[in-house]
Amino acid sequence: MKRWMILGFAMLLLGCATVDDVQILDEDVRRLQSQLNSIQREQDSLKREISTFQWDQKGGEKDATTLRTDFNNQMKRLQADLLLRIENLQSETRALSTSIGEYKDLLKRPSKDLDRMKEDISLRTKNLEEKTKTSEEKDRVLEEQARVLGEKDKGIEDRLKRLEDKMAEVIASISKLREAEKTPLPKEVPSEVKGVSTGAGDLYKDAYETFQKGNLEGARRKFEAFLKQYPNTELSDNAQFWIGETYYLKKDFEKAILEYEKAIAKYPEGDKVPAALFKQALAFLELKDKTNARNLLKRLMERYPNTEQAEMAKKRLETIK
């Protein structure tokens, strides 16, 4: 009866457990059932032994009193053992009941955790949607800003184009000013020809007019021919200077410097020395040699302070950094 009560109580508890818990409890019930069967078998075995003692004719050495004493002792031991095992079974049953209660609590907890998780996910999803909406609004603002910047860039490009045009005009003006710094080419017959012999004067005039027409190569050949025939006349330093000018206008600045130097060295008292020094300095500037250019301009200002070239040298020196 106790066994069936225990089994019934266990089955009632098992109805509230999960499948895994039921399997565990089934194992415990089978173990308890096995122990009860073992006790039953021991009880049956003891009864057979008692019956054997009662009916054994060959065991004359034991009398009825001894058998009864042995039987009582066996029964006491059996009862004590049975009570102990029943108490153990009841203790294990209580433990199982407690475990099942804990399992029920465990079964309830995941549901609560799941609800909290769902709430958390819902909250995060809502926050993400709000952030996405905010991001889209920011994207629209950035697109509008990009459009405005694009329009500004277009305006800047137009302004840059206008600035480039103005720079081109400035550069053209600077070029004109630089051309103005060169020795002017008078259209009339050069005054230096006056007072010179007819042969030398005509040859110099022909070379000069060729230079004036822009035929630099032809002019150089004629000036060189003039110097071979008239190396020490009043026009010789002028002819040497104009040879340097033909190279300068051809942008052959190194040869121009050498030809200007001949005008300075061969004709140190000539009136073209200041102009030759100034044009040498300009040629060095074209070659990116600021040091020599600066030195020549200072030399010009020191040696020929009252000349037009000295004034131009002073202005140009202020622009060299």
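Just so you know, we're using numbering that gives the first Met the number 0 here: the sequence shown kicks off at 0 and counts up by one. Even for Gly, the Cβ is constructed at its ideal location relative to N, Cα and C.
| query | result |
| --- | --- |
| Asn-231 in three-state terms, based on DSSP | coil |
| Assigned exposure category for Ser-235 - 16 Cβ within 10 Å defines buried | buried |
| Pairwise C-alpha distance: Asp-27 and Lys-132 | 59 Å |
| C-beta contact flag for Gln-228 and Phe-277 at 9 Å | no |
| Beta-carbon gap between Ala-206 and Phe-240 smaller than 9 Å | no |
| Span of the alpha helix (DSSP H), counted from its first residue to its last, around Asn-294 | 289 to 302 |
| 6 Å CB neighbourhood of Tyr-303 in its chain, flanking five on each side removed | Pro-273 and Ala-309 |
| Collapsed DSSP secondary structure at Ile-319 in the structure displayed | coil |
| CB contact flag (Gln-306, Leu-299, <9 Å) | The sequence as given places Thr at residue 306; Gln does not occur at that position. In contact: Thr-306 and Leu-299 (Cβ atoms closer than 9 Å). |
| Given 8 Å, three or more beta-carbon pairs between the region 265 to 272 and the region 249 to 256 | no |
| Range covered by the alpha helix (DSSP H) that runs through Lys-278 | 272 to 285 |
| Ile-170 (DSSP reduced to helix, strand or coil) | The predicted position of Ile-170 is uncertain, since its pLDDT is 43 and thus under 50; no value can be drawn from it. |
| Same chain, Cβ closer than 6 Å to Gly-217, five either side skipped, listed in chain order | Thr-209 |
| Local conformation of Tyr-246 per DSSP, three classes | helix |
| Beta carbon of Ile-256 nearer than 9 Å to that of Phe-283 | yes |
| Close beta carbons around Gln-279, own chain, < 6 Å, minus the five adjacent residues each side | Ile-256, Tyr-259 and Leu-295 |
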